[in-house]
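> Keeping their order, the protein sequence lines are chains E and V.
Each residue of the first sequence is one higher than the one before, counting from 4 in the working numbering.
Each residue of the second sequence is one higher than the one before, counting from 67 in the working numbering.
Here it is, the structure, as structure tokens.
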Amino acid sequence: MNLKTKLILTVILFFNITLFAQNGALLKGTVVSSTDNIPIPGVNIIVKNTSKGTTTDFDGNYQIQVQEGDVLQFSYIGFVTQVVIYSNQKTLNVSLVEDLAKLDEVVVIGYGTQKKSHLTGAISKVVNENLDQIAVSRVDDALIGQVSGVNIQSTNAEAGGAPTITIRGVGSITADSGPALVVDGIVVSSEFLGNIDMNDVASFEVLKDAASAAIYGSEGSNGVILITTKSGKAGKTKFSYQTYTGRKEAHGSDDYTKNTRKWAQLEQAATGTLSGETLYALAIVDATGIDRDWQEVFFDGGNITSHSFAARGGNENTKFSASLRYLGDEGVIITDDYKLYTANLKMDSNLGKKSKFGLSITPSYTKQRKIPTSIHNPTRQSPWLPIYHTQETIDLFTNGSKSPGDYFMENDLLNLDFDNDGNNERPRTSGDSNPYAQYVEREHYDYNTKLYGSTYFSFEIFDGLTAKTSLGVTLEQRKQTRWDGTKHHAAGASRAAYSVNNRFRTRLVSDNTLNYSKNFGNHEFDILAGVTVQQRKSQSSQIEGSGFSDDRLKNIQGANPTSVIATEVNTELKKIGYFGRINYAYADKYLVSASFRRDGSSVFGPATKWGNFPAVSVGWNVAKEDFLRNSDFFNNLKFRASYGLTGSENFNVGSDVVNNWPYLALLQNSNAVVNNGIPTGVSPLNIANALLQWEASEELTVGLDYGFLNNRISGSLDYYQRTSDELLLENPVSYVTGFTSGIVNLGKVQNRGWEFELRTKNISNEKFSWNSTLIASTNQNELLSFGDSNNALIEDEYGRNSQWINRIGEPISSFYGYVVDTEAYDETQFRTTYVDNPWNRINGQAQDIIVKDLNGDGLITADDKTILGDPYPDLIYSFTNEFKYGNFDFSFMVQGSLGAQINNIGDEYFYNWFGNSTRSGGAAQAVADGLVPHESFIQEKVLTSEVIASADYFSLRNVNLGYNFPEDVISKIGVSGLRLYASAQNLLYITASDYHGFNPEHDDYGNPRAYGSQRAGTPIYKTVSFGVNIDF
Amino acid sequence: MKHIKFLVFAITGFIFTSCNTDEFLNPVPDTVVTVESFFQTDADVLAGIIGIYDAIQGVNENTTTSLTRANRGVQFEHLLTEHRTDNTRNKTLEGSKSDFHRYVVDANNVESEDYYQSMYEVIFRANNVLDYIDIADENNRAKYVAEAKFLRAYAYFKLVRLYGDVPLVTSVLGPLDKEALFTRIPKAQIYEQIIEDLQEAINVLDNTQKARASKAAAQGILAKVYLTQANPNYSGAQQLCESIINSMEFDLEPNYHDVFYNELNNEIIFAIQYATGNPNESQSFSSEFTSGARRQGREDGQNIVNDNLIADFELIGGDRTSVSYFTFPDATEVTKYLPDGSDLSNPAAPTYGGSARDAGNDYIVLRFADVLLMHVEAVLAGGEATVDSGALASFRRIRDRAFPATAPNAIASVTKEDLLRERRVELAFENQRYFDLVRFGVLDAVLSAHSAEMGYVYDSRKASLLPIPAREINISEGLLTQNPGY
């Protein structure tokens, strides 16, 4: 049979597989585990030498059409495969024996797989059991709390926003600290996490230590997440439909609520009278009946809906999986919205006995309306401010130039004398426009059209030696439009602007490997050699314009042509990697793995282009030793140690061109207006660094896997120490050079910590079971060396003096500032202390804030600053409990983080710590709440310990209650599985008492040099959803 | 079948073994040019010269793609100069821009740091072009050198007056030349370099350009240098001013309004130009000045006019008053740089045209009126009053334009106080007042009285010099010293 015929046949098979008629008798039965008689779901049952097959349902039941003499094969991971010949019985119950000898769970590793019992690195596996029932818009959101050592932080909680994933701490100051992503063996952009359907995911493997990740060389320095997608199984085509719909509500902040009448009461109580501004505000409240906190307007909640449809099946030779998904997430903020459409087609086929090929294609489209400014902006506005004018508000408070339905703005208000003191005034809020208009009149969209595709072909050259070549293609088209309408700002049409950015990215990855796997008696070898070539291209262009006269054309067509500017940036990154690995096991007891990778990257100049990344790891299965082999207590006891090097060449210095060609001296356009013309000008863009080289991470892990008492207690314990050296750093240089920074290799950071996983089967019987999982990880970050940049300060972009410092012996980018002396808050005293100091600020009348004179020299100077905290958690933990009773199951996870701090300057905005006495409300309330002694004592430009809050949180992350209908009920309606469930996320989310914002996990910039800064953050939300899964 | 499979492997293997890894791993950028490949012709060197003008122009803060910290240059200059005098103030106390008018700037101040950076960017680009000057046509070479040195002198003159002793570099330095980058050179030495550079410009350049360096521009700035330096060279300044006056190439615009709204007019000697509506080539300060009630600017309002200045305008403003500022119900705002299409006829609802935030109004570095008043100052030569006829004539030309109805206005003598006030009113909001107070030796006296009036705590050290940016000191490892008071 030639290839063509075979391909045609394959295609025919593919389309007709469901049409095969099924004859003979119907065999039913249950498959249970021999150890505890608990039914096993998902057992593969195939009729050998036919295309027939099925799997057991949630209760271990199966049914299959058979004929006398059929050979039935029952197989399940971790159990000994059993073969039974059918001899006309009606039912066939099978009891599978646990394969303790092999503990044969297979784990996906870099460029291959390995028996779990043979692992020597730190790899965590998460099987998608109920993850797809968590109503979140991205798969990474569902992984929170599932893996030790992995911190997934909701740094951007708007609908569709990506969380920040950190594995074993932050090891870079300028380079990217996110893990690499590999889907079915192909390296893809981490953005794929936002496009993949959780229903298609079979399992996640997280390569945490360098020894495991080193085979990925320069991709692996921050860990690797491997995703294995679901494949079809031989047998009848199974269809499944999974859907849920839920409601999301924001966790607002009670600390930031505002109310005009409450302010008035506080002011009356404090001063015995009401100011003109307050009386004015009350008059507006009386006229409109509106006196509400803006959180009520902005945090309107939203629905989340998902529909996922899949068909999976195949025969022994060809298996396929096809799926289609829609997800709609309205977000919890008024305008944010996210829609995802994605499909997946995956096929694997045997071509004869020795070769296989397969392909996977995942097209997707997302549309996201992003929030146009930080949420603190609108929600901090005054509660008396209505959204729209009415005839009454126009008549009472304005000069009449407005019409009913126009946005109500502070600027519209006439100055009036409500307190009859002879002075006209008006109440203040601090927005440039109506807060509602700030969001509704600005439309910021991201459209992403992506295609991920991969194919592979493998061929067994002779027994044990397999060659494999695969090609991965990623096409990503992103269009970002940013429309700011003519009504979004008080200044009207002149502030209208539009920009559109189109970016097309491609990534081609070609992997070619030879794998030799062979057992010689007690010696097991697995040898891998390969070469990988990668090419990434990005072509982006941006057009922006202003000068709009109205909102009719919300695109560049409406802009004034002279205002239009266009830019184009193309980049290219190419890499070649050579790698090899030997895994060796002796009698399942003594395990050794060694790997080596050599990577060349276009990012570096000729002298430093290549980097070497070796790794070695060893393991000892003590439980297999004779002295423990017959122990009733130990089922598993394995010691592991690993050491490896990984590298990184990714960094972001704000210019895509410099990011890709840091070793070349580049020029930028520097045109200037001269004699009313605009001649071409140029100027240098960067300081070229021809010797820039790989950032290298060196990691040592020692670990222990354990299983006691029939594996009722199992888990692992790891200690790691990762040292990142030659950090790729955007290092500040003197302005006198004409530049602000240069990219250098400088600094050494260490992350070290413990990872602990404990899984227990507390109760396990046929009717009721209760399992628990405790996961806890610690991390400590320390800057070990920083050359002449030790103590380098980085200031904040807010124009306020928030500062980060990089100091040897401390975590990188720690918060740096003054310590507030709370005991000194006495108005009468601190006017006389510190006479000569920088805090004589506000009109010279009083000190702004009292800080401690740490060095005791009697003066407050920069020397009195100290480290106030760091944004990295010391401990993250989760505790999951799963209960099963009959057909009901219930699970919940509590999850939390301890020891991180956050620089939340939201307080300054919400309490109006800007020393402007004309602003109403904020100060009075702050005084009443005991938060500040007096408005005029607050100095907003100084980072003090008062601004730094604890970022600790404790959450009831997930709750899930499900019911699987019994098979005898649903089989009548022709379905093989029916599950109803209710699920909830973040029903409870408790933050530290000194944190006042909306989300202690939020980060404004995603910039490792200024990490942990926020202005209250995009709110954490709770979700309650209901779902149905149907299999037929 | 078997053969096909092997063929596939063979092909794949061939592709990767035959690929030239050197070529593959060295892609060439196609949306920027490299320094190596660029400087080839005279036009390329000229593009480098234009790049220096781009640096003095600064980057509009309102450009959507602009970086958070970039060269704003002269667009922030009013904060460092006008705000630090009795002329103007910030509308609110929010953010680092509000620190200047209360003399509470600290060493981390964003705008002061940006200005320091901006001026060194000008100097760097000038020094950098000089490295490629041999590529230029022979007959253009001297002119390009003079232009680059003029602009370098312009930047050093700003730096030395605002920050005192500063590092002096006249060639391109790398980040490792720490000694030169972080050693503060005494002011006198900086002035020597400025004078040398400006004299070269005077010798080489002519007066054909107003938006690029010219002989008169170099003369005028050198005159101001002579008046400013520790031992003023009054006769040198007088000669330079008279040379400009006698060249008859410049004259006062008859109508004061036209000075600001008729670009590159007769009165302009050197201006930094902008183009309306072009986000890359426009300026932000016009909109910041029109923002008393957040009308156009990013901030809550800058250059809000102090009553103290209004009093001087009421005294001697004449026709200049209505052009210079406008009193709205909530603030008095600068109107010398109103964006195209502005209409203030309804003070309750003023409009500012379609491109207020991308304004094209030029920044006037040097105009003839300034030269006339410097002439008076040079003749006065540090004395209390003068009756010199030439000086009186120069002074009268300024007065006659301001008060045309009573022209010729009788001027019997000009006192130092008269001259300072005349400069304050004539050149209000043109970033001259601060430097005038320094030159006239009255900075402390005027500003401490002003602070008392406004309720500010006056710190003479902070008023006299701005801080060397803390980040510079921080990365200098102790080489760089700070100014007193910071």
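No residue lacks a Cβ here, since even glycine has one placed at the ideal position from N, Cα and C.
#1: Can you tell me where the alpha helix (DSSP H) holding residue 909 of chain E begins and where it ends?
#2: Under 9 Å, Cβ to Cβ, is there at least one residue of chain V near residue 869 of chain E?
#3: Thinking C-alpha only, which one of V:247, V:114, V:168 and V:127 is nearest residue 200 of chain V?
#4: Can we say the region 581-600 of chain E touches the region 544-555 of chain E, given the rule of at least three CB pairs closer than 8 Å?
#5: Classify residue 123 of chain V as helix, strand or coil using the three-state DSSP reduction.
#6: Apply the 10 Å Cβ neighbour rule to residue 201 of chain E and answer buried if 16 or more other Cβ atoms are within range, or exposed otherwise.
#7: What does the alpha-carbon distance come out to for the pair residue 936 of chain E and residue 215 of chain V?
#8: Residue 664 of chain E touches chain V at which residues, Cβ-Cβ below 7 Å?
#9: Quick one: does residue 609 of chain E have its CB under 9 Å from some CB of chain V?
#10: Do residue 874 of chain E and residue 816 of chain E count as a contact pair if the criterion is CB distance below 9 Å?
#11: Can you list, in chain order, the residues of the region 416-428 of chain V whose Cβ is nearer than 9 Å to any Cβ on chain E?
#12: Can you grab the Cα-Cα spacing for the pair residue 957 of chain E / residue 155 of chain E, in whole Å?
#13: Name the chain V residues that come within less than 7 Å of residue 376 of chain E, Cβ to Cβ?
#14: From residue 324 of chain E to residue 66 of chain E, what distance separates their C-alpha atoms?
#15: Output needed for residue 2 of chain E: all residues of its chain with C-beta closer than 6 Å, excluding positions within five of it in sequence on either side, in chain order.
#16: In angstroms with no decimal places, state the Cα-to-Cα distance between residue 73 of chain E and residue 884 of chain E.
#17: Would you mind reading off the limits of the beta strand (DSSP E) that contains residue 896 of chain E?
#18: Who pairs with residue 517 of chain E in a beta bridge, going by DSSP?
#19: Can you name, in chain order, every residue of its own chain whose Cβ lies under 7 Å from the Cβ of residue 515 of chain E, other than the five neighbours on each side?
#20: Chain V partners of residue 605 of chain E, CB-CB under 9 Å?
#21: Just the Cα atoms here: how many angstroms apart are residue 278 of chain V and residue 430 of chain V?
#22: If we call anything under 9 Å between Cβ atoms a contact, is residue 90 of chain V one with residue 513 of chain E?
#23: To the nearest angstrom, how far is it from the Cα of residue 388 of chain V to the Cα of residue 394 of chain E?
#24: Between the alpha carbons of residue 287 of chain E and residue 265 of chain E, how many angstroms are there, rounded?
#25: Classify residue 146 of chain E as helix, strand or coil using the three-state DSSP reduction.
#26: Tell me the DSSP secondary structure of residue 314 of chain V in three-state form.
#27: Check each candidate in E:524, E:538 and E:596 and name the one with the smallest Cα separation from residue 531 of chain E.
#28: Since residue 187 of chain V meets chain E, which of its residues come closer than 7 Å, beta carbon to beta carbon?
#29: Check whether chain V comes within 9 Å of residue 577 of chain E, counting only Cβ atoms and requiring the distance to be less than that.
#30: Does the Cβ-Cβ distance between residue 501 of chain V and residue 227 of chain V come in under 9 Å?
#31: Mind checking the region 323-346 of chain V against chain E and listing, in chain order, the residues whose C-beta falls within less than 9 Å of any C-beta there?
#32: Give me, in chain order, the residues of the same chain whose beta-carbon lies closer than 8 Å to that of residue 528 of chain E; leave out the 5 immediate sequence neighbours on both sides.
#33: Is the CB of residue 193 of chain V under 9 Å away from at least one CB in chain E?
#34: At the level of alpha carbons, what is the spacing between residue 314 of chain E and residue 329 of chain E?
#35: Answer yes or no: does any C-beta atom of chain V fall closer than 9 Å to that of residue 735 of chain E?
#36: At what residues does the beta strand (DSSP E) containing residue 266 of chain E begin and finish?
By the coordinates alone:
#1: Position 906 of the first sequence, counting from 1, holds the residue named residue 909 of chain E. Counted as a single uninterrupted DSSP element, the alpha helix (DSSP H) harbouring residue 909 of chain E occupies residues 909-913.
#2: Translated into positions along the first sequence, residue 869 of chain E becomes position 866. With 9 Å as the cut-off, residue 869 of chain E does not count as an interface residue toward chain V.
#3: Counting from 1 along the second sequence, the entry for residue 200 of chain V is found at position 134. Selected option, being the one with the closest Cα: V:114.
#4: With a cut-off of 8 Å on Cβ pairs, the region 581-600 of chain E is not in contact with the region 544-555 of chain E, counting fewer than three such pairs.
#5: The residue labelled residue 123 of chain V in the question sits at position 57 within the second sequence. In the structure shown, residue 123 of chain V sits in a helix (DSSP, three-state: H, G or I).
#6: Against the first sequence, residue 201 of chain E aligns to sequence position 198. Burial of residue 201 of chain E is indicated by the presence of at least 16 other C-beta atoms within 10 angstroms of its C-beta.
#7: Your numbering for residue 936 of chain E matches position 933 in the first sequence. Your numbering for residue 215 of chain V matches position 149 in the second sequence. Any reading at residue 936 of chain E must be qualified, since the residue scores a pLDDT of 36, below 50, and its modelled position is unreliable; the value itself is stated next. Straight-line Cα distance between these residues: approximately 55 Å.
#8: By one-based count along the first sequence, residue 664 of chain E stands at place 661. Result: 95.
#9: Looking up residue 609 of chain E in the first sequence gives position 606. Closer than 9 Å: yes.
#10: As a position in the first sequence, residue 816 of chain E is number 813, starting the count at 1. As a position in the first sequence, residue 874 of chain E is number 871, starting the count at 1. The criterion of a C-beta distance shorter than 9 Å is satisfied by residue 816 of chain E and residue 874 of chain E.
#11: Hits within the stretch, in order: 417, 418, 419, 420, 421, 422, 423, 424, 426 and 428.
#12: On the first sequence, position 954 is the one that residue 957 of chain E refers to. On the first sequence, position 152 is the one that residue 155 of chain E refers to. Put simply, the backbone Cα of residue 957 of chain E is about 14 Å away from that of residue 155 of chain E.
#13: Indexing the first sequence from 1 puts residue 376 of chain E at position 373. Around residue 376 of chain E, no beta-carbon contact reaches into chain V at under 7 Å, the shortest distance being about 13 Å.
#14: What you label residue 324 of chain E is simply residue 321 of the first sequence in a count that begins at 1. What you label residue 66 of chain E is simply residue 63 of the first sequence in a count that begins at 1. Straight-line measurement puts the Cα of residue 66 of chain E at about 22 Å from the Cα of residue 324 of chain E.
#15: The shown model of chain E, from 4 to 1035, leaves out residue 2 of chain E, and the question about it has no answer.
#16: Counted from its first residue, the first sequence places residue 73 of chain E at position 70. Counted from its first residue, the first sequence places residue 884 of chain E at position 881. If I take the Cα positions, the gap works out to 42 Å.
#17: The residue given as residue 896 of chain E occupies position 893 in the first sequence. Start and end: 891-901.
#18: For the purposes of this step, residue 517 of chain E is taken as the residue at position 514 of the first sequence. In the DSSP assignment, the residues bridged to residue 517 of chain E are E:470 and E:532.
#19: Working through the first sequence from its first residue, we reach residue 515 of chain E at position 512. Once the five neighbours on either side are set aside, the close Cβ partners of residue 515 of chain E are 472, 533 and 534.
#20: To locate residue 605 of chain E, count along the first sequence from 1; it is residue 602. What residue 605 of chain E touches in chain V: 90, 91, 92 and 93.
#21: Position 212 of the second sequence holds residue 278 of chain V. Position 364 of the second sequence holds residue 430 of chain V. The C-alpha of residue 430 of chain V is placed about 12 Å away from the C-alpha of residue 278 of chain V.
#22: Locating residue 90 of chain V in the second sequence gives position 24, where the first residue counts as 1. Locating residue 513 of chain E in the first sequence gives position 510, where the first residue counts as 1. Cβ distance not < 9 Å, so residue 90 of chain V and residue 513 of chain E don't count as in contact.
#23: Reading the second sequence from its first residue, position 322 is the one you call residue 388 of chain V. Reading the first sequence from its first residue, position 391 is the one you call residue 394 of chain E. Distance between the alpha carbons of residue 388 of chain V and residue 394 of chain E: 37 Å.
#24: Taking the first residue of the first sequence as 1, we reach residue 287 of chain E at position 284. Taking the first residue of the first sequence as 1, we reach residue 265 of chain E at position 262. So the two alpha carbons sit approximately 15 Å from each other.
#25: Mapped onto the first sequence, residue 146 of chain E falls at position 143. In the structure shown, residue 146 of chain E sits in coil (DSSP, three-state: anything other than H, G, I, E or B).
#26: In the second sequence, counting from the first residue as 1, residue 314 of chain V sits at position 248. Residue 314 of chain V falls in the coil class under three-state DSSP.
#27: Counted from its first residue, the first sequence places residue 531 of chain E at position 528. Comparing Cα positions, the closest option is E:596.
#28: What you label residue 187 of chain V is simply residue 121 of the second sequence in a count that begins at 1. Residues of chain E passing the Cβ test: 741.
#29: One-based indexing of the first sequence puts residue 577 of chain E at position 574. Output row for residue 577 of chain E: interface = yes.
#30: In the second sequence, the residue the question calls residue 501 of chain V occupies position 435. In the second sequence, the residue the question calls residue 227 of chain V occupies position 161. With respect to the 9 Å criterion, residue 501 of chain V and residue 227 of chain V are classified as neighbours on the basis of their beta carbons.
#31: Within the region 323-346 of chain V, the qualifying residues are 329, 330, 338, 339, 340, 341, 342, 343, 344, 345 and 346.
#32: Counted from its first residue, the first sequence places residue 528 of chain E at position 525. The answer, listed in chain order, is 519, 520, 521, 522, 585, 586 and 587.
#33: The residue labelled residue 193 of chain V in the question sits at position 127 within the second sequence. It does: the Cβ of residue 193 of chain V has a partner Cβ on chain E nearer than 9 Å.
#34: Along the first sequence, read from residue 1 onward, the residue named residue 314 of chain E stands at position 311. Along the first sequence, read from residue 1 onward, the residue named residue 329 of chain E stands at position 326. A direct Cα-to-Cα measurement between residue 314 of chain E and residue 329 of chain E gives close to 15 Å.
#35: Locating residue 735 of chain E in the first sequence gives position 732, where the first residue counts as 1. Output row for residue 735 of chain E: interface = yes.
#36: Stepping through the first sequence from its first residue, residue 266 of chain E is reached at position 263. Counting along the chain, residue 266 of chain E falls outside any beta strand (DSSP E), though it belongs to the alpha helix (DSSP H) covering 263-274.
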